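Top to bottom, those sequences are chains A and B.
Residues -5 to 229 (the numbering used here) make up the first sequence, in order.
Residues -5 to 229 (the numbering used here) make up the second sequence, in order.
Here a beta-carbon is modelled for each residue, glycine too, at the ideal position from N, C-alpha and C.
Computed from a prediction, not measured in an experiment: that's the story for all the values here.
Scroll down for the structure; my scribbles are underneath it.
Number of protein chains: 2
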Amino acid sequence: MSTPTRTEPIPRTGTRAGEIRDQLHDAIVDRRLTPGTKLVEDEIGATFSASRTVVRAALQALAFDGIVTLEPNRGASVSKPSPEVARQVFDARRMIEPGLALAAAARITAADVAMLEQHLATEAEAIAARGPSARRAEIHASGELHLSIAAIAGNEILSRFLRELVARSSLVIALYGRSGASSCARDEHGRIVAALASGNGRAAAELMRHHIDHIEADLDYQPAGEASIRDLLKL
Amino acid sequence: MSTPTRTEPIPRTGTRAGEIRDQLHDAIVDRRLTPGTKLVEDEIGATFSASRTVVRAALQALAFDGIVTLEPNRGASVSKPSPEVARQVFDARRMIEPGLALAAAARITAADVAMLEQHLATEAEAIAARGPSARRAEIHASGELHLSIAAIAGNEILSRFLRELVARSSLVIALYGRSGASSCARDEHGRIVAALASGNGRAAAELMRHHIDHIEADLDYQPAGEASIRDLLKL
DNA sequence: AGACCTGGTTTTGTATACAATTATGCGCTG
DNA sequence: CAGCGCATAATTGTATACAAAACCAGGTCT
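Spelled out as structure tokens, the structure:
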């Protein structure tokens, strides 16, 4: 390999696949890698100076999360959730997140409130800024807020579920979103945080439910790609 | 779709690793492999005549489901969920399953009802019979009923979440259960199915919530193993 | 022209080899 | 006889080799 000497800063074993998985995860969630992109094992391995063995482990992990699709003998690619799956993602979020908000309201501390408001500030900053990098930061901050609320609720299993749902949501929005209701969403985020801060769990849960409705309402479940051709011919 | 029972489980990599994963999954869920059991790659490979490569993929998949724990450089073992994790499992089920029952009631067909009643019959049969094999069948049937209700609700993502939660529940019950409230549970299963069959979603959801409460009430969250020694010394 | 074979190329699936790490057993010492 | 090192065995982490499958391009036949 390219490392004849043992000067590696972090030679931690077992962390290599996790590193690659996280990098790919971030790249997919903030849309540097868009749905449908082929993920060739050799390329990724070359990029991260790792063997296919560890790359495969990383891809498998992402496949479990549903954001990468593995087709036998055909390799991995960034998932393209169907409209049906997209609906299921938001149904699942509607089922989980209001309850999570309710639980969070019962356990939230002053430090938690400060952290959430920090997230809001970061998000506002990203929204105000221009450029694709700011868009990525916005997506990241928005997801982070939802995940932070889940973390406050204190259930790691549900947090993990939500992590998957948030990641899949990003793919769904990339495919079916019609731009710009983000500012609306940010305002809703503020209200949710306010409700949580005042300990009003019921209100937070209700706001969260509406928030998810609004996000989904901004989508246009027209199948992308080949189906759009078919639809165009019909019109 | 008003799908039958067919819920495709989890993304499959090859077919080989999936086979091993499913076999191990079943073995863990119906307690032929108990919490803490070491899972050595070579042994499993020899058992299934497969190389360590595929075995590792299978173990990784099970680790992602939370029923196998992977410690770096130390290998895999059947998970021993802590009382804390156990509580989180049931909290998560309380958050998901009543809503799933509600959704199922709105979509259930006559064929679905017949299938659920078939499950009830199988379960009753297993309960009546003696021996460890019957116990395994009982556990299996009980889990299958919950998963079938999820399948009727028609959300594959939530079905997968519940699949994980049911599997983890089996580990939790193996560790902290104090035997025999199963018959009680079966009765509750019958009532839930009846509510679903009559289209009474609210009732089904409420019954489901209580059912989960009852399952958890039968647990004794005393840490097994070393902690019990400590407790014994204190008494 | 279009469908269809066909060879070479790419990419994945699986096994295996070797290095790194952890577990184990045994003799030694006090 | 308990405790401690140290050599050795087991086991995991990672890279690589090779076979099978899919992909691609060009040429042939109808």
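Exercise for the section: Could you say if the segment 19 to 26 of chain B and the segment 119 to 137 of chain B meet the contact criterion of at least three C-beta pairs nearer than 8 Å? Expected result: yes
Practice task
Name, please, each residue of chain A whose Cβ falls closer than 8 Å to the Cβ of I90 of chain B.
Solution key: M89 and I90
Exercise for the section: Would you kindly report the start and end of the unbroken beta strand (DSSP E) that includes A164 of chain A? Expected result: Looking at the sequence shown, residue 164 of chain A is not Ala but Ser. No beta strand (DSSP E) contains S164 of chain A, which is instead part of the alpha helix (DSSP H) from E150 to Y170.
Exercise for the section: Might you give, ordered along the chain, the residues of its own chain that have their beta carbon closer than 6 Å to the beta carbon of A38 of chain A, omitting 5 neighbours on each side? Expected result: The sequence given here has Ile at residue 38 of chain A, not Ala. Correct list, in chain order: V49.
Practice task
Determine whether the Cβ of L152 of chain A lies closer than 8 Å to any Cβ atom of chain B.
Solution key: yes
Exercise for the section: For D85 of chain A, return the contacting residues in chain B, with the cut-off set at a CB-CB distance below 7 Å. Expected result: N149
Practice task
Within the same chain, show all residues whose beta-carbon is closer than 7 Å to that of I146 of chain A, passing over the 5 residues directly before and after it, in chain order.
Solution key: A98, R101, I102 and D106
Practice task
Please list the partners that F42 of chain A has in chain B, where partner means a Cβ-to-Cβ separation under 9 Å.
Solution key: Here the premise fails: no neighbours, minimum Cβ distance about 18 Å.
Handout entry: L94 of chain B vs H183 of chain B beta-carbon contact at 8 Å
Key = no
Practice task
Go ahead and pull the three-state DSSP assignment for A70 of chain A.
Solution key: In the structure shown, A70 of chain A sits in a strand (DSSP, three-state: E or B).
Problem - Chain-ordered chain B contacts of G93 of chain A [CB-CB under 8 Å] - result: M89
Exercise for the section: Tell whether a beta-carbon distance below 8 Å holds between F155 of chain B and F155 of chain A. Expected result: yes
Handout entry: Nearest-angstrom Cβ-Cβ length linking A199 of chain A and L56 of chain A, presumed shorter than 8 Å
Key = Between A199 of chain A and L56 of chain A, the beta carbon gap of about 31 Å keeps them out of contact (Cβ cut-off 8 Å).
Exercise for the section: Please classify T28 of chain B: does DSSP put it in a helix, a strand, or coil? Expected result: coil
Problem - Separation of L159 of chain A from R88 of chain A, as counted between CA atoms - result: 11 Å
Practice task
Have a look at A70 of chain A and G148 of chain B and give me their C-alpha separation to the nearest angstrom.
Solution key: 26 Å
Problem - Contact under 8 Å by Cβ, L165 of chain B with P75 of chain B - result: yes
Problem - Proximity below 8 Å, CB of L213 of chain B to CB of A80 of chain B - result: yes
Handout entry: Contacts that A55 of chain B makes with chain A (C-beta to C-beta distance below 9 Å)
Key = Q54 and F58
Practice task
List the residues of chain A that A275 of chain B touches, going by C-beta distances under 7 Å, in chain order.
Solution key: Summary: the structure shown does not reach residue 275 of chain B, with chain B confined to residues -5 through 229, and so no result is reported for it.
Handout entry: Supposed close pair A168 of chain A, P29 of chain A - CB separation, criterion 8 Å
Key = 6 Å
Exercise for the section: Could you spell out where the alpha helix (DSSP H) holding T9 of chain B opens and where it closes? Expected result: Following the DSSP letters along the chain, one finds T9 of chain B in no alpha helix (DSSP H), marked with neither H nor E.
Exercise for the section: For V62 of chain A, write down the residues that DSSP places opposite it in a beta bridge. Expected result: A:V72
Practice task
Confirm, please, whether the CB-CB distance from V62 of chain B to R230 of chain B is below 8 Å.
Solution key: There is no way to answer for residue 230 of chain B, as the model of chain B reaches only from -5 to 229.
Handout entry: Completely contained alpha helix (DSSP H) runs for the segment 185 to 223 of chain A, where each covers 4 or more residues
Key = Taken in chain order, the complete alpha helix (DSSP H) segments of 4 residues or longer contained in the segment 185 to 223 of chain A are 195 to 211.
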